[in-house]
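Residue numbers (our numbering): 25 to 307.
In this text, a Cβ means the ideal position worked out from N, Cα and C, and glycines have one as well.
Report on the following structure.
So this is what it looks like as structure tokens:
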């Protein structure tokens with residue numbers, strides 16, 4: 025045998041090649057004759073959506089397993105935040121000011137990756153959304169440290185390509201936001217959220233909700249830039265109104281710099297614990 029096989033039956037690749045060599049007749053040219061797993065038109069039918077969900081879940085999972093990516097450190101943040109050298113072209117002064125967090129994300133990813141490499145390079149691998157802004161900074165810092173990083177891109181109406189710093193074999197593309205967010209968190213050992221817009225807020229609150237409700241174990245959860253986040257979200261007002269519990273404010277921590285974030289991540293208490301009840305709710 026030329027390759028390791030778990031069974032003796034013909035494999036799908038062999039039949040794909042054979043099916044492509046049959047004579048062209050009205051019957052063989054009919055879409056109904058195509059092998060189901062090679063029929064793109066069939067796979068894109070609405071009824072096949074559950075299959076596409078499974079494929080989108082499995083492909084990155086299998087490839088990251090094969091690449092030895094055992095755990096990750098997640099960086100969420102705005103695509104519009106420029107690197108400092110480009111802040112003069114920012115659309116607003118606030119975006120220009122926020123460019124400082126590009127450098128903090130870059131420095132944090134570099135330090136985390138150096139730590140990861142010192143322990144074999146399979147744990148605490150940086151993962152971002154693979155796009156520009158803070159995402160680029162995270163992948164860039166990992167590359168500068170000589171390590172790998174993951175990019176989880178999403179197909180958008182406007183053209184978006186992975187940034188140049190994502191490790192090519194760990195660059196993934198998604199159709200479903202929900203499956204993409206699952207992959208952000210399935211291996212997460214820490215979550216770091218930088219200033220951003222709707223997408224960042226979505227990722228922030230979904231992750232906090234999963235931890236708050238015990239659907240996800242606690243991990244270091246760091247918000248870069250207290251001034252930004254306290255202006256965007258009135259956290260204390262939520263607690264005062266009783267819509268969240270006072271204890272929920274302990275699920276995350278504000279940090280300002282890469283060094284502060286790294287030390288907070290390393291010294292985080294309650295990591296790996298899962299809430300058994302939700303404070304403030306009736307049992």
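Exercise for the section: Counting only the same chain and skipping the five closest in sequence on each side, list residues whose C-beta sits under 6 Å from that of residue 289. Expected result: In the chain shown, the residue the question calls residue 289 occupies position 265. Around residue 289: 214, 244.
Handout entry: First through last residue of the beta strand (DSSP E) which encompasses residue 173
Key = One-based indexing of the chain shown puts residue 173 at position 149. Unbroken beta strand (DSSP E) run through residue 173: 173-178.
Handout entry: Sequence ranges, beta strand (DSSP E) only - wholly within the region 187-265, length at least 3
Key = Assignment of beta strand (DSSP E) within the region 187-265, counting only whole runs of 3 or more residues, yields 195-198, 212-217, 245-248 in chain order.
Exercise for the section: Please name the residue, chosen from 61, 188, 95, that lies closest to residue 79 on a Cα-to-Cα basis. Expected result: For the purposes of this step, residue 79 is taken as the residue at position 55 of the chain shown. It is 61 whose Cα lies nearest to the Cα of residue 79.
Problem - Near the ligand MN: residue 93 beta-carbon under 6 Å from a heavy atom - result: As presented, the structure is devoid of all ligands, the ligand MN included, so that no description of it is given.
Exercise for the section: Put residue 149 into one of helix, strand or coil per three-state DSSP. Expected result: By 1-based counting over the chain shown, the position of residue 149 is 125. If DSSP states are grouped into helix, strand and coil, residue 149 belongs with the strands.
Handout entry: Neighbourhood of residue 273 by C-beta distance below 7 Å, restricted to the same chain and skipping five residues each side
Key = Here residue 273 corresponds to residue number 249 of the chain shown, with the count starting at 1. Hits under 7 Å: 259, 263.
Practice task
Check each candidate in 285, 224, 235 and name the one with the smallest Cα separation from residue 296.
Solution key: Here the question's residue 296 lines up with position 272 in the chain shown. Cα-wise, what sits closest to residue 296 is 235.
Exercise for the section: Would you tell me roughly how many angstroms separate the C-alpha atoms of residue 331 and residue 39, rounded to the nearest one? Expected result: Nothing can be reported for residue 331, as the shown portion of the chain is limited to 25 through 307.
Practice task
Return the first residue and the last residue of the alpha helix (DSSP H) that residue 111 is part of.
Solution key: Position 87 of the chain shown holds residue 111. No alpha helix (DSSP H) holds residue 111; DSSP gives it neither H nor E.
Exercise for the section: Can you tell me which of 41, 125, 93, 70 puts its alpha carbon nearest to the alpha carbon of residue 158? Expected result: Indexing the chain shown from 1 puts residue 158 at position 134. When each option's Cα is compared against that of residue 158, the closest is 125.
Problem - Cβ distance (whole Å) where residue 281 is taken to contact residue 128 below 8 Å - result: Along the chain shown, read from residue 1 onward, the residue named residue 281 stands at position 257. Along the chain shown, read from residue 1 onward, the residue named residue 128 stands at position 104. Contact flag correct, Cβ pair sits at about 6 Å.
Problem - Exposed unless 16 or more other CB atoms sit within 10 angstroms - verdict on residue 101 - result: Counting from one through the chain shown, the residue named residue 101 turns up at place 77. Buried.
Problem - Whole-angstrom distance between residue 194 and residue 255, CA atom to CA atom - result: Position 231 of the chain shown holds residue 255. Position 170 of the chain shown holds residue 194. Each residue's Cα considered, the two are about 35 Å apart.
Problem - Environment of residue 152 [buried if 16+ CB atoms lie within 10 Å] - result: One-based indexing of the chain shown puts residue 152 at position 128. With 16 or more other CB atoms across the displayed protein chains lying within 10 angstroms of its CB, residue 152 is buried.
Handout entry: Inter-stretch contact at 8 Å, needing at least 3 Cβ pairs: the region 85-93 / the region 130-141
Key = no
Exercise for the section: Look at the alpha carbon of residue 35 and the alpha carbon of residue 44, and state the distance between them as a whole number of angstroms. Expected result: Position 11 of the chain shown holds residue 35. Position 20 of the chain shown holds residue 44. So the two alpha carbons sit approximately 15 Å from each other.
Handout entry: Candidates 207, 82, 63, 200, of which the one nearest residue 180 by Cα
Key = As a working mapping, residue 180 is identified with position 156 in the chain shown. Of 207, 82, 63, 200, the residue nearest in Cα terms is 200.
Problem - Own chain partners of residue 220 with C-beta closer than 6 Å, once the 5 adjacent residues on each side are dropped - result: Translated into the one-based positions of the chain shown, residue 220 becomes position 196. Taken in chain order, the residues that qualify are 101, 102.
Practice task
For residue 166, I'd like the list of residues in its chain whose CB is within less than 6 Å of its CB, leaving aside the five on either flank, ordered along the chain.
Solution key: Here residue 166 corresponds to residue number 142 of the chain shown, with the count starting at 1. Here the set comprises 133, 137, 150, 173.
Practice task
Pick out the complete alpha helix (DSSP H) segments inside the region 57-139, 4 residues or longer, and give them in chain order.
Solution key: 64-67, 73-91, 117-122
Handout entry: Three-way DSSP call (helix, strand, coil) for residue 276 in this model
Key = In the chain shown, the residue the question calls residue 276 occupies position 252. Here residue 276 sits in coil by DSSP.
Exercise for the section: Give every residue of the same chain whose Cβ lies closer than 6 Å to the Cβ of residue 270, excluding the five residues on either side of it in the sequence, and list them in chain order. Expected result: Against the chain shown, residue 270 aligns to sequence position 246. The residues are 263.
Exercise for the section: Would you tell me roughly how many angstroms separate the C-alpha atoms of residue 75 and residue 206, rounded to the nearest one? Expected result: For the purposes of this step, residue 75 is taken as the residue at position 51 of the chain shown. For the purposes of this step, residue 206 is taken as the residue at position 182 of the chain shown. C-alpha separation (whole angstroms): 16 Å.
Problem - Pairwise C-alpha distance: residue 279 and residue 26 - result: The residue you call residue 26 lines up with position 2 of the chain shown. The residue you call residue 279 lines up with position 255 of the chain shown. Because residue 26 carries a pLDDT of 46, less than 50, the predicted location of this residue cannot be relied on, and the following value inherits that uncertainty. Rounded to whole angstroms, residue 26 to residue 279 spans 55 Å at the Cα level.
Problem - Element boundaries [alpha helix (DSSP H), containing residue 42] - result: On the chain shown, position 18 is the one that residue 42 refers to. 36-43 is the span of the alpha helix (DSSP H), which, as asked, contains residue 42.
Exercise for the section: Name the residue from 121, 92, 218 whose alpha carbon lies nearest to the alpha carbon of residue 276. Expected result: Along the chain shown, one-based indexing puts residue 276 at 252. Nearest of 121, 92, 218 to residue 276, Cα basis: 218.
Practice task
Please classify residue 383: does DSSP put it in a helix, a strand, or coil?
Solution key: This structure gives no information on residue 383, because the portion of the chain shown stretches from 25 to 307.
Exercise for the section: Buried or exposed for residue 22, please, with buried defined as at least 16 other CB atoms from any protein chain shown within 10 angstroms of its CB. Expected result: The shown model of the chain, from 25 to 307, leaves out residue 22, and the question about it has no answer.
Practice task
Could you pull the start and end residues of the alpha helix (DSSP H) that residue 289 belongs to?
Solution key: If you number the chain shown from 1, residue 289 lands on position 265. Element bounds for residue 289: 282-290.
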